[in-house]
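This report concerns only the one structure given below.
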Amino acid sequence: MGSGDSMKELIEKLAAKTDDLKTSLDKLAPLASVAEQLATLPSKVVALQSSAFENQEQVRALNLAILRAENTQREGRPHAEDNGDTTGEGSINRARQGPVPPLENDRQPPRDVALRQPATLDDAIMLAHAYEQRMSLESAVPAGSRGKDHRVMLQGQPP
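Each residue of the sequence shown is one higher than the last, beginning at 95 in my numbering.
Have a look at this one:
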(Lines of atoms letter the chains of each structure in order from A and count residues from 1; the text may use other names and numbers.)
(Lines give C-alpha, C1' and ligand atoms only; values in the text may rest on other atoms or scores of the structure.)
Protein backbone atom coordinates (compact mmCIF):
# COMPACT_ATOMS: atom_id res chain seq x y z
CA MET A 1 0.00 0.00 0.00
CA GLY A 2 3.03 2.26 0.08
CA SER A 3 2.59 3.22 -3.54
CA GLY A 4 -1.08 4.05 -2.99
CA ASP A 5 -0.22 6.37 -0.09
CA SER A 6 2.50 8.12 -2.05
CA MET A 7 0.11 8.47 -4.97
CA LYS A 8 -2.50 9.98 -2.62
CA GLU A 9 0.10 12.46 -1.28
CA LEU A 10 1.08 13.49 -4.81
CA ILE A 11 -2.56 14.07 -5.71
CA GLU A 12 -3.06 16.20 -2.58
CA LYS A 13 0.07 18.25 -3.39
CA LEU A 14 -1.13 18.68 -6.95
CA ALA A 15 -4.55 19.84 -5.69
CA ALA A 16 -2.86 22.35 -3.36
CA LYS A 17 -0.74 23.68 -6.25
CA THR A 18 -3.85 23.94 -8.42
CA ASP A 19 -5.59 25.96 -5.68
CA ASP A 20 -2.56 28.25 -5.39
CA LEU A 21 -2.54 28.81 -9.16
CA LYS A 22 -6.30 29.51 -9.15
CA THR A 23 -5.82 32.08 -6.37
CA SER A 24 -2.99 33.74 -8.31
CA LEU A 25 -5.06 33.82 -11.50
CA ASP A 26 -8.01 35.32 -9.63
CA LYS A 27 -5.74 38.09 -8.37
CA LEU A 28 -4.37 38.74 -11.88
CA ALA A 29 -7.76 38.62 -13.64
CA PRO A 30 -8.42 42.40 -13.38
CA LEU A 31 -5.15 43.02 -15.27
CA ALA A 32 -6.25 40.96 -18.27
CA SER A 33 -8.04 43.95 -19.81
CA VAL A 34 -4.85 46.05 -19.77
CA ALA A 35 -2.41 43.26 -20.62
CA GLU A 36 -1.66 44.69 -24.08
CA GLN A 37 -0.92 48.09 -22.63
CA LEU A 38 1.30 46.53 -19.97
CA ALA A 39 3.18 44.61 -22.66
CA THR A 40 4.25 47.88 -24.34
CA LEU A 41 5.25 49.48 -21.05
CA PRO A 42 8.95 48.42 -21.12
CA SER A 43 9.51 50.00 -24.55
CA LYS A 44 7.77 53.19 -23.40
CA VAL A 45 9.99 53.33 -20.31
CA VAL A 46 13.11 52.92 -22.45
CA ALA A 47 11.93 55.69 -24.80
CA LEU A 48 11.20 57.97 -21.84
CA GLN A 49 14.62 57.30 -20.30
CA SER A 50 16.30 58.01 -23.63
CA SER A 51 14.39 61.27 -24.03
CA ALA A 52 15.23 62.30 -20.47
CA PHE A 53 18.92 61.59 -21.09
CA GLU A 54 18.91 63.66 -24.30
CA ASN A 55 17.17 66.54 -22.53
CA GLN A 56 19.65 66.31 -19.67
CA GLU A 57 22.54 66.56 -22.13
CA GLN A 58 20.93 69.60 -23.78
CA VAL A 59 20.46 71.23 -20.39
CA ARG A 60 24.11 70.58 -19.51
CA ALA A 61 25.19 72.13 -22.80
CA LEU A 62 22.93 75.12 -22.17
CA ASN A 63 24.29 75.56 -18.64
CA LEU A 64 27.84 75.44 -19.97
CA ALA A 65 27.00 78.00 -22.66
CA ILE A 66 25.46 80.28 -20.01
CA LEU A 67 28.52 79.97 -17.78
CA ARG A 68 30.84 80.77 -20.67
CA ALA A 69 28.70 83.72 -21.72
CA GLU A 70 28.79 85.04 -18.14
CA ASN A 71 32.57 84.64 -18.02
CA THR A 72 32.98 86.31 -21.39
CA GLN A 73 30.81 89.21 -20.29
CA ARG A 74 32.71 89.58 -17.00
CA GLU A 75 36.00 89.71 -18.88
CA GLY A 76 34.60 92.32 -21.25
CA ARG A 77 35.08 90.29 -24.41
CA PRO A 78 32.35 90.61 -27.06
CA HIS A 79 30.34 87.56 -28.02
CA ALA A 80 31.06 85.99 -31.40
CA GLU A 81 27.63 86.91 -32.75
CA ASP A 82 28.05 90.52 -31.58
CA ASN A 83 31.20 91.17 -33.59
CA GLY A 84 30.58 88.83 -36.52
CA ASP A 85 33.55 86.65 -35.56
CA THR A 86 32.71 82.98 -36.04
CA THR A 87 36.16 81.55 -35.48
CA GLY A 88 37.57 83.71 -32.71
CA GLU A 89 37.75 83.72 -28.94
CA GLY A 90 34.04 83.52 -28.13
CA SER A 91 33.01 81.24 -30.97
CA ILE A 92 31.33 77.88 -30.93
CA ASN A 93 33.43 77.01 -34.01
CA ARG A 94 36.58 77.31 -31.94
CA ALA A 95 36.35 73.58 -31.20
CA ARG A 96 37.47 73.00 -34.77
CA GLN A 97 40.70 74.86 -34.02
CA GLY A 98 41.70 72.55 -31.17
CA PRO A 99 40.91 72.10 -27.50
CA VAL A 100 39.62 75.12 -25.62
CA PRO A 101 41.53 75.90 -22.42
CA PRO A 102 39.26 76.42 -19.42
CA LEU A 103 38.51 80.01 -18.54
CA GLU A 104 39.91 81.31 -15.27
CA ASN A 105 36.44 81.95 -13.89
CA ASP A 106 34.94 78.76 -15.37
CA ARG A 107 33.35 77.12 -12.36
CA GLN A 108 30.47 74.79 -11.65
CA PRO A 109 27.19 76.34 -10.52
CA PRO A 110 26.44 76.12 -6.79
CA ARG A 111 25.19 72.70 -5.74
CA ASP A 112 21.65 73.87 -5.02
CA VAL A 113 21.40 75.35 -8.54
CA ALA A 114 22.57 72.08 -10.08
CA LEU A 115 19.83 70.25 -8.21
CA ARG A 116 17.20 72.57 -9.66
CA GLN A 117 17.96 71.85 -13.30
CA PRO A 118 14.93 72.08 -15.57
CA ALA A 119 13.10 68.87 -16.33
CA THR A 120 12.39 69.58 -20.01
CA LEU A 121 13.90 71.44 -22.91
CA ASP A 122 11.05 73.97 -22.70
CA ASP A 123 12.05 74.68 -19.09
CA ALA A 124 15.65 75.17 -20.20
CA ILE A 125 14.58 77.60 -22.92
CA MET A 126 12.45 79.50 -20.40
CA LEU A 127 15.46 79.73 -18.07
CA ALA A 128 17.64 80.96 -20.93
CA HIS A 129 15.12 83.75 -21.67
CA ALA A 130 15.03 84.69 -17.99
CA TYR A 131 18.83 84.76 -17.98
CA GLU A 132 18.87 87.04 -21.03
CA GLN A 133 16.44 89.41 -19.30
CA ARG A 134 18.58 89.42 -16.16
CA MET A 135 21.70 90.13 -18.19
CA SER A 136 20.00 92.99 -20.05
CA LEU A 137 18.91 94.49 -16.71
CA GLU A 138 22.43 94.15 -15.33
CA SER A 139 23.90 95.75 -18.43
CA ALA A 140 21.66 98.77 -17.76
CA VAL A 141 23.58 99.42 -14.51
CA PRO A 142 26.16 102.24 -14.91
CA ALA A 143 29.74 101.02 -15.45
CA GLY A 144 31.09 102.79 -12.33
CA SER A 145 28.76 100.83 -10.10
CA ARG A 146 30.12 97.37 -10.91
CA GLY A 147 30.48 95.20 -7.84
CA LYS A 148 27.66 96.91 -5.98
CA ASP A 149 24.26 95.42 -5.32
CA HIS A 150 22.48 95.86 -8.68
CA ARG A 151 19.02 95.02 -7.38
CA VAL A 152 19.07 97.96 -5.00
CA MET A 153 20.37 100.29 -7.71
CA LEU A 154 17.75 99.14 -10.22
CA GLN A 155 15.01 99.96 -7.73
CA GLY A 156 16.31 103.52 -7.51
CA GLN A 157 17.35 103.31 -3.87
CA PRO A 158 20.84 104.26 -2.69
CA PRO A 159 23.02 101.26 -1.72
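Glycine is no exception: its CB is placed at the ideal position from the N, C-alpha and C atoms.
Contacting residues, own chain, Cβ-Cβ under 7 Å from residue i (five flanking each side not counted)
i           : result
residue 224 : none
Exposure label - residue i; buried when at least 16 CB within 10 Å
i           : result
residue 141 : exposed
residue 123 : exposed
residue 218 : buried
Selected residue, minimal CA-CA separation from residue i, among the options
i           : options       : result
residue 260 : 233, 215, 229 : Within the shown structure, residues of the chain are numbered from 95 to 253, placing residue 260 beyond reach of any answer.
residue 161 : 231, 233, 226 : 226
Limits of the alpha helix (DSSP H) - the one that residue i falls within
i           : result
residue 161 : 129-169
residue 222 : 215-233
Contacting residues, own chain, Cβ-Cβ under 6 Å from residue i (five flanking each side not counted)
i           : result
residue 107 : none
Own chain, CB closer than 8 Å to residue i, minus 5 neighbours either side, in chain order
i           : result
residue 125 : 132
residue 109 : none
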